[in-house]
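Q: After the C-alpha cells below, expect a handful of questions from me.
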Amino acid sequence: MAMADPGLGPWVKSLVAANPGPLTLDGTRTYILGPGPCVVIDPGPDLAAHLDAVEVVLGEHDVATICITHYHPDHAAGAEDMAARLGAPLAATPETARLVGLETLDCPLSEGATIEFGGGRLEVVPTPGHCTDHVCFYWPEARALFAGDVIMGDGTSMIAPPEGDIAAYLATLERIAQLELSVIYPGHGAPVEEPVTKVAEYIAHRLEREKQVLEALAAGADSPPTIRALVYEELDPRLHLAAEGSVLAHLAKLVDEGRAIVEGERYRLAG
5 MAMADPGLGP WVKSLVAANP GPLTLDGTRT YILGPGPCVV IDPGPDLAAH LDAVEVVLGE
65 HDVATICITH YHPDHAAGAE DMAARLGAPL AATPETARLV GLETLDCPLS EGATIEFGGG
125 RLEVVPTPGH CTDHVCFYWP EARALFAGDV IMGDGTSMIA PPEGDIAAYL ATLERIAQLE
185 LSVIYPGHGA PVEEPVTKVA EYIAHRLERE KQVLEALAAG ADSPPTIRAL VYEELDPRLH
245 LAAEGSVLAH LAKLVDEGRA IVEGERYRLA G
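Each residue of the sequence shown is one higher than the one before, starting from 5 at the first, in this note's numbering.
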C-alpha cells in the first residue's frame with residue numbers, strides 16, 4: 005500500500021510491508037522523500053513484493069540515498085537488495101551496518117551528519133533506547149521526524165534487554181522533545197500529527213510504568229512474570245513475553261540507580 009502527500013514542493017510517500025503483527029501493527033513502513041533526487045528511509049523486510057512496490061512508486065525519480073534507522077530485520081533486511089535494484093548508496097551507522105551484515109557501507113552516519121536530497125536535507129539524530137544503534141532522521145524544512153521504532157503510530161515502542169535501555173530511551177525522548185516538529189513519521193502506524201503531545205505522553209507513560217513496577221515490588225512481586233501480572237492487567241497473551249521484557253528494562257534501570265536489588269533472578273526494593 006502506498007500513500008503520498010505530493011503538494012507542490014517536498015513530499016512524503018509511504019509503503020507498508022506485508023508483515024503485520026502485534027509488534028509491527030499493520031506492517032513496517034518504508035518512506036520515500038522527494039522531489040528527486042529522493043531519499044528512501046528504511047528499506048523494510050526482505051520481501052520481493054515490497055521491494056517491487058518501492059521501485060514502482062519511485063518510477064523515474066533518481067535516488068540520492070537509502071537510509072536505515074536501525075538493524076532490526078523488518079527495517080533493514082531488504083537494504084542490500086534495494087540498493088542493488090536502485091543503484092543507490094546505503095547510509096547507516098557503522099554499528100547498524102555491522103549488525104545487518106552489510107558488505108559495503110557507502111555513507112557512514114554519525115551525529116551531525118546530513119543527507120542532501122531534492123526536498124532539502126536530513127539531519128542524523130542518535131536515538132538509543134529501543135536498541136543501541138538507533139538513529140532518527142530530522143527534516144528541518146518540513147519539521148518532520150522519521151522515527152523508526154522510537155515512536156509508534158499507535159501504542160508504545162518495545163524497550164527490552166539486552167538491547168533496550170529505559171534510561172537511554174527517556175533521554176532520547178527528551179532530545180526529540182527539543183526539536184521543532186509538525187509531524188512524526190513512525191516506522192509502524194499512521195503519522196503522528198500532534199508530536200509535542202505524543203512525546204510528552206510517551207515520557208509520562210514510561211515514568212508511570214516505573215512507578216507501577218516499584219509498587220509491584222513493594223507488594224511482594226519479585227520476578228518479571230509476577231510483576232507483569234500486576235502491572236499489565238488483561239493483556240493479550242501474545243504480548244506477555246514482550247511485557248516481561250519491558251519490566252526487565254525498568255528493573256535494570258532501578259538496579260542501576262540503587263532503588264532495587266537483584267539476587268539471582270529475584271528482585272526486591274533497596275533499603
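Beta carbons are placed, not taken as given, at the ideal position from N, Cα and C, and that holds for glycine. Keep in mind the model is a prediction, meaning the values are calculated, not measured.
Classify Gly168 as buried or exposed, calling it buried when 16 or more other Cβ atoms lie within 10 Å of its own Cβ.
A: Flag for Gly168 reads buried.
Q: Let me check understanding here. Comparing Cα to Cα, which of Leu109, Met162, Ala95 lies closest to Thr118?
A: Thr118 has its Cα closest to that of Ala95, out of Leu109, Met162, Ala95.
Q: Which of the three DSSP states is assigned to Arg147 in this structure?
A: In this structure, Arg147 counts as coil in the three-state DSSP scheme.
Q: Would you mind sorting Thr28 into buried or exposed? The rule is 16 or more other CB atoms within 10 Å of its CB.
A: Buried is the call here.
Q: Quick one: which unbroken alpha helix (DSSP H) runs of 4-plus residues sit fully inside the segment 110-195? Chain order, please.
A: Qualifying alpha helix (DSSP H) stretches, in chain order: 170-181.
Q: Taking Leu106 as part of the alpha helix (DSSP H), name the residues at either end of that continuous run.
A: Run containing Leu106: none; DSSP gives neither H nor E here.
Q: I'd like the span of the beta strand (DSSP E) that includes Leu273, first residue to last.
A: 270-273 is the span of the beta strand (DSSP E), which, as asked, contains Leu273.
Q: Label Arg242 either buried or exposed according to how many other C-beta atoms from any shown protein chain fall within 10 Å of its C-beta, with 16 as the threshold for buried.
A: The residue in question, Arg242, is exposed, as its Cβ has fewer than 16 Cβ neighbours within 10 Å.
Q: What does a CB cutoff of less than 7 angstroms around Ala223 pick up in its chain, not counting 5 residues either side in sequence?
A: For Ala223, where only same-chain residues beyond five positions count, the Cβ hits under 7 angstroms are Leu234.
Q: Does the segment 239-255 come into contact with the segment 202-209, if we say contact requires no fewer than three beta-carbon pairs (one atom in each stretch) closer than 8 angstroms?
A: No, they do not touch.
Q: Grab me the residues of Arg147's own chain with a C-beta within less than 6 angstroms of its C-beta, minus the 5 sequence neighbours each way, in chain order.
A: Here the set comprises Glu184, Leu185, Ser186.
Q: Can you check DSSP and say which residues form a bridge with Glu267?
A: Looking at the DSSP assignment, Glu267 forms a beta bridge with Arg270.
Q: Looking only at its own chain, which residues have a Cβ that is under 8 angstroms from the Cβ of Asp240, when we skip the five neighbours before and after it?
A: Only Pro26 meet the Cβ criterion.
Q: So Tyr35 is in the beta strand (DSSP E); what residue range does that whole segment cover?
A: Its beta strand (DSSP E) spans residues 33-38.
Q: Quick check on DSSP: helix, strand or coil for Ile231?
A: Correct three-state label for Ile231: helix.
Q: With distances taken between CB atoms, is the gap from Cys135 to His79 smaller than 7 angstroms?
A: No, Cβ-Cβ distance for Cys135 and His79 is not below 7 angstroms.
Q: Please classify Ala53: is it buried, with 16 or more other beta-carbons within 10 angstroms of its beta-carbon, or exposed?
A: Exposed: under 16 other Cβ atoms inside 10 Å.
Q: Going by beta carbon distance, what residues of the same chain come within less than 8 angstroms of Arg213, once the five residues before and after it are set aside?
A: Val235, Ser250, His254.
Q: Is the Cβ-Cβ distance between Ile155 and Pro190 less than 7 angstroms?
A: Yes, these two residues count as a Cβ contact at 7 angstroms.
Q: Which residue comes first and which comes last in the beta strand (DSSP E) that contains Ile70?
A: Residues 67-71.
Q: Among the residues of its own chain, which have a CB less than 7 angstroms from the CB of Val61, if the five just before and after it don't count?
A: Correct list, in chain order: Ala6, Lys17, Leu19, Ile36.
Q: On the premise that Leu55 lies in contact with Asp85, defined as a C-beta separation below 8 angstroms, what is that separation, rounded to the nearest angstrom?
A: Right, their Cβ atoms sit about 6 angstroms apart.
Q: Between Pro112 and Gly82, is the Cβ-Cβ spacing less than 7 angstroms?
A: Result no, Cβ atoms of Pro112 and Gly82 do not sit closer than 7 angstroms.
Q: For Ala264, count neighbouring Cβ atoms within 10 angstroms of its own Cβ and tell me buried if that reaches 16, exposed if not.
A: Buried is the call here.
Q: How many whole angstroms separate the CB atoms of Ala68 and Phe121, which I take to be in contact at a CB cut-off of 8 angstroms?
A: Indeed, because the Cβ distance is near 5 angstroms, the residues count as touching under 8 angstroms.
Q: Flag this pair as yes or no: are the beta carbons of Ala171 and Lys257 separated by less than 7 angstroms?
A: Yes, they are a contact pair.
Q: From Leu218, Ala220, Asp158, pick the residue whose C-alpha is nearest to that of Pro195; which is it?
A: Measuring from the Cα of Pro195, the nearest candidate turns out to be Asp158.
Q: Pull up the DSSP beta-bridge partners for Ile45, would you.
A: According to DSSP, Ile45 bridges with Tyr35, Cys71.
Q: Which term fits Pro228, buried or exposed, when burial requires 16 or more other beta carbons within 10 angstroms of its beta carbon?
A: Answer is buried; the Cβ neighbour count reaches 16.
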